[in-house]
Amino acid sequence: MRPFNFEKVNSAPEALALKSAKSQYISGGTNLVDLMKKNITQPEALIDVTSAISNSVEKKNTKLTIGAMASNNKVAKDNYVLDKFPLISKSILAGASPQIRNMASSAGNLLQRTRCPYFYDITTPCNKRKPNSGCSAIDGGNRMSAIAGYNDQCVAVHPSDFCISLAALDATVTAVIPDNKEIVIPFKDFHKLPETTPWLDNHLPKDAIITKIDVAENRFNKNYSYVKVRDRTSYAFALVSVAAALDLNGKKINDVRLASGGVAHKPWRWYDAEEFLKGKSATEDNFVEAAKLATKDLKPLSENAYKIQMLEGAIVTALQDCLNQ
Amino acid sequence: MEHKEQYSRRSFLKISGLLAAFAAVPSSVKAFYQDVKQYLIPKKNVSRLTLNINKTSHTLYVDTRTTLLDLVREQLNLTGSKKGCDHGQCGACTVHINGERALSCLTLASMSQGKEITTIEGLANGKELHPMQKAFIECDGFQCGYCTPGQIMSAVACVNEGHTGSVEEIKEYMSGNLCRCGAYNGIVQSIQKVAAQ
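Line by line, the protein sequences give chains P and H.
Start counting the first sequence at -14; every next residue gets the next number (this note's numbering).
Start counting the second sequence at 23; every next residue gets the next number (this note's numbering).
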């Protein structure tokens, strides 16, 4: 690991003032310390922001406000979250291990890097790690890679579970930027696709600090489900995951949310399938139809064609699960 | 034509000249090496930390890169916490930070000031083993023992958190601790035993 300076700050403005191109913010460290050990990231200074930003989980009017420093576990076991946003809790508990959920911050979950094996292997080309060096996964070991939204620059997937529920529930991300102005980014626009800059994972402005994540109360707290398919039952990244939530009026679907992890460079919403289901009956036939609609144009890579059928099944299972809550 | 190996006056002068030149350079080479090293390998940063580990306050001079795991093992000789993968994948380094289980291999020592840290060495009450330590012995919760300190720290937290409702729940909440000997059944039994006490 490269030697670095360590600074602890007590406020966001202090952190912004210290930040340079060669330094990085640190909170939980569960991803960053690992990346530093592997020399994938080599900051000259770390700025500890754990005391600079709120770690509270609060109800503000009819909104959930998650302080950026709130640990994943704190969010998952919060009573307001369990009551009004159980999908968030369920998705968090499907990820990582109890130890990591105690350490990792909410903002850090959004900003974690991909687990594409080539990103971690510094002897191989990877556009995300070294811009314009090429993508090793596209013609290499890509069974864990994307099936949607990728291009020839990068086929990595975003590894989060937490983010899938935040995408499904249309959260917003608030950050402060270097001139101390506050900005709000809708969750669907927070993460990005590889485009021509696969080394950037999101649209957070340079040096900005995430301060909180907000989610408005909604009617998706009764019929919801998070299905995660992985290589082992627990403590593994998703091959595919599906967050599903239904707002039902009897059998009729008033509104629906469907999002997936493990399929794209960003948390992925199945908007076409959602549109199809709105106003229809919550029946298995309609769920199967919606799953087919979601997967019909997906183009797998050489080793991950299995994900398409798996995803179709996971969507149907998740929607059925919504009815069994 | 046969070439015989022989030393001419010319080669003797060449070689001895070179050797004399080499003998003259060490100090300048050394200085040059230091310059290059300074440029290529940044100087390490050492800071003074006070950490509360197993209810004892320790003041140490620590390289900023030091993880909590390396600090307890290498500087305090508390070698109970184990380095399995060093990347947060195996749980062998599990300790309690402010009463919650955490991975010491991914925790920077610099970020551990002001926190209450408990390692496996701090679990027993004097010579009296912690109930979970006793249960691991009684239920065969280990074979080689390498993952055991991490398993026990995680198991204690698992009971404190109340995730012992079923075998499935225990397995889910112990999934961050791998055991390559496969002592999982004994580990689950140990946890059930302590949870029932």
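All residues carry an ideal CB built from backbone N, CA and C; glycine is no exception.
>> Can you find the residues in the same chain that come closer than 7 Å, C-beta to C-beta, to Cys307 of chain P, ignoring five residues on each side of it along the sequence?
In response: Taking C-beta separations shorter than 7 Å and ignoring five residues to either side along the sequence, the partners of Cys307 of chain P in its chain run Asn208, Tyr209, Ser210, Ala229, Ala230 and Leu231, following chain order.
> Thinking C-beta only, is Ser226 of chain P closer than 8 Å to Val212 of chain P?
Replying inline: Going by C-beta atoms, Val212 of chain P is nearer than 8 Å to Ser226 of chain P.
>> By the DSSP assignment, the alpha helix (DSSP H) with Thr170 of chain H in it spans what residues?
In response: Start and end: Thr170 to Glu183.
> Can you list the beta strand (DSSP E) stretches of 3 or more residues lying completely in the region 14 to 70 of chain P, in chain order?
Replying inline: 30 to 33, 42 to 45 and 48 to 52
>> Please classify Lys236 of chain P as buried or exposed, where buried requires at least 16 other C-beta atoms within 10 Å of its C-beta.
In response: exposed
> Is Thr280 of chain P helix, strand or coil when you go by DSSP?
Replying inline: helix
> So is Val34 of chain P in contact with chain C if we call contact Cβ pairs under 8 Å?
Replying inline: The structure shown contains no chain C; the protein chains it does contain are P and H.
> Along chain P, in chain order, which residues have C-beta atoms closer than 8 Å to that of Asn67 of chain H?
Replying inline: Pro(-12), Phe(-11), Asn(-10) and Phe(-9)
> Can you pull the DSSP bridge partners for Asn208 of chain P?
Replying inline: P:Leu231
> When the cut-off is 8 Å and only beta carbons count, does Ala124 of chain H lie next to chain P?
Replying inline: yes
>> With a threshold of 6 Å on Cβ separation, who are the neighbours of Leu90 of chain H within its own chain once the five nearest residues in sequence on each side are excluded?
In response: Ser126, Thr129, Ala131 and Ser134
> Can you list, in chain order, the residues of the region 84 to 100 of chain P whose Cβ is nearer than 8 Å to any Cβ on chain H?
Replying inline: Gln84, Ile85, Asn87 and Met88
> Within this structure, are the beta carbons of Asn199 of chain H and Gly172 of chain H separated by less than 8 Å?
Replying inline: yes
> Going along the chain, which residues of the region 83 to 112 of chain H sit with their C-beta nearer than 9 Å to a C-beta in chain P?
Replying inline: Asp85, Thr86, Arg87, Thr89, Asp108, His109, Gly110 and Gln111
>> I want to verify the contact list: residues of chain P whose CB lies under 9 Å from the CB of Pro64 of chain H, in sequence order.
In response: Arg(-13), Pro(-12), Phe(-11) and Glu29
> What separation, rounded to the nearest whole angstrom, lies between the Cα atoms of Ala46 of chain H and Ser38 of chain H?
Replying inline: 12 Å
> Which one or two residues does DSSP pair with Gln9 of chain P in a beta bridge?
Replying inline: The partner list for Gln9 of chain P (beta bridge, DSSP) reads P:Leu31.
>> I'd like to know whether the C-beta of Leu128 of chain H is nearer than 8 Å to at least one C-beta of chain P.
In response: Closer than 8 Å to some Cβ of chain P, the Cβ of Leu128 of chain H qualifies, so yes.
> Do the CB positions of Val169 of chain P and Phe70 of chain P come within less than 8 Å of each other?
Replying inline: no
> Hey, quick one: how far does the alpha helix (DSSP H) through Pro153 of chain H stretch, first residue to last?
Replying inline: Pro153 to Glu160
>> If you measure between the beta carbons of Asn67 of chain H and Asp92 of chain H, is that distance less than 8 Å?
In response: no
> Per DSSP, Trp253 of chain P forms a beta bridge with which residues?
Replying inline: Residue pairing by DSSP places Trp253 of chain P opposite P:Ser245 in a beta bridge.
>> Whole angstroms are fine: how far does the CA of Asp162 of chain H sit from the CA of Gly208 of chain H?
In response: Between Gly208 of chain H and Asp162 of chain H, the C-alpha separation is close to 5 Å.
> Which residues bound the alpha helix (DSSP H) around Val216 of chain H?
Replying inline: Tyr206 to Ala218
> What does Ser176 of chain H touch in chain P if you count any residue whose Cβ is under 9 Å from its own?
Replying inline: Ser82, Pro83 and Gln84
> Looking only at its own chain, which residues have a Cβ that is under 6 Å from the Cβ of Thr81 of chain H, when we skip the five neighbours before and after it?
Replying inline: Thr72
> Which ranges does the beta strand (DSSP E) cover as unbroken runs of at least 3 residues, wholly within the region 74 to 150 of chain H, from first to last along the chain?
Replying inline: 78 to 85, 116 to 119, 122 to 125 and 138 to 140
>> Here's a check: name, in chain order, each residue in its chain whose Cβ is nearer than 7 Å to the Cβ of Leu78 of chain P, leaving out the five neighbours to either side.
In response: Ala61
> Would you report the Cα separation of Tyr10 of chain P and Val(-6) of chain P, rounded to the nearest angstrom?
Replying inline: 10 Å
> According to the Cβ coordinates, are Lys137 of chain H and Ile119 of chain H closer than 8 Å?
Replying inline: yes
> Under three-state DSSP, which class holds Asp270 of chain P?
Replying inline: helix
> Can a CB atom of chain P be found closer than 8 Å to the CB of Met154 of chain H?
Replying inline: no
> Hey, how far is the Cα of Ala42 of chain H from the Cα of Phe34 of chain H?
Replying inline: 12 Å
> Checking contacts by CB at 8 Å: is Ser221 of chain H closer than that to chain P?
Replying inline: Only positions 23 to 219 of chain H appear in the structure, and residue 221 of chain H is not among them; the question remains open.
>> Residues in the same chain with beta-carbon distance under 6 Å from Pro28 of chain P, minus the five sequence neighbours each way, listed in chain order, please.
In response: Answer for Pro28 of chain P: Phe(-11), Ser8 and Gln9, listed in chain order.
>> Would you say Ser219 of chain P lies against chain H (beta-carbon separation less than 8 Å)?
In response: The beta-carbon of Ser219 of chain P is placed less than 8 Å from the nearest beta-carbon of chain H.
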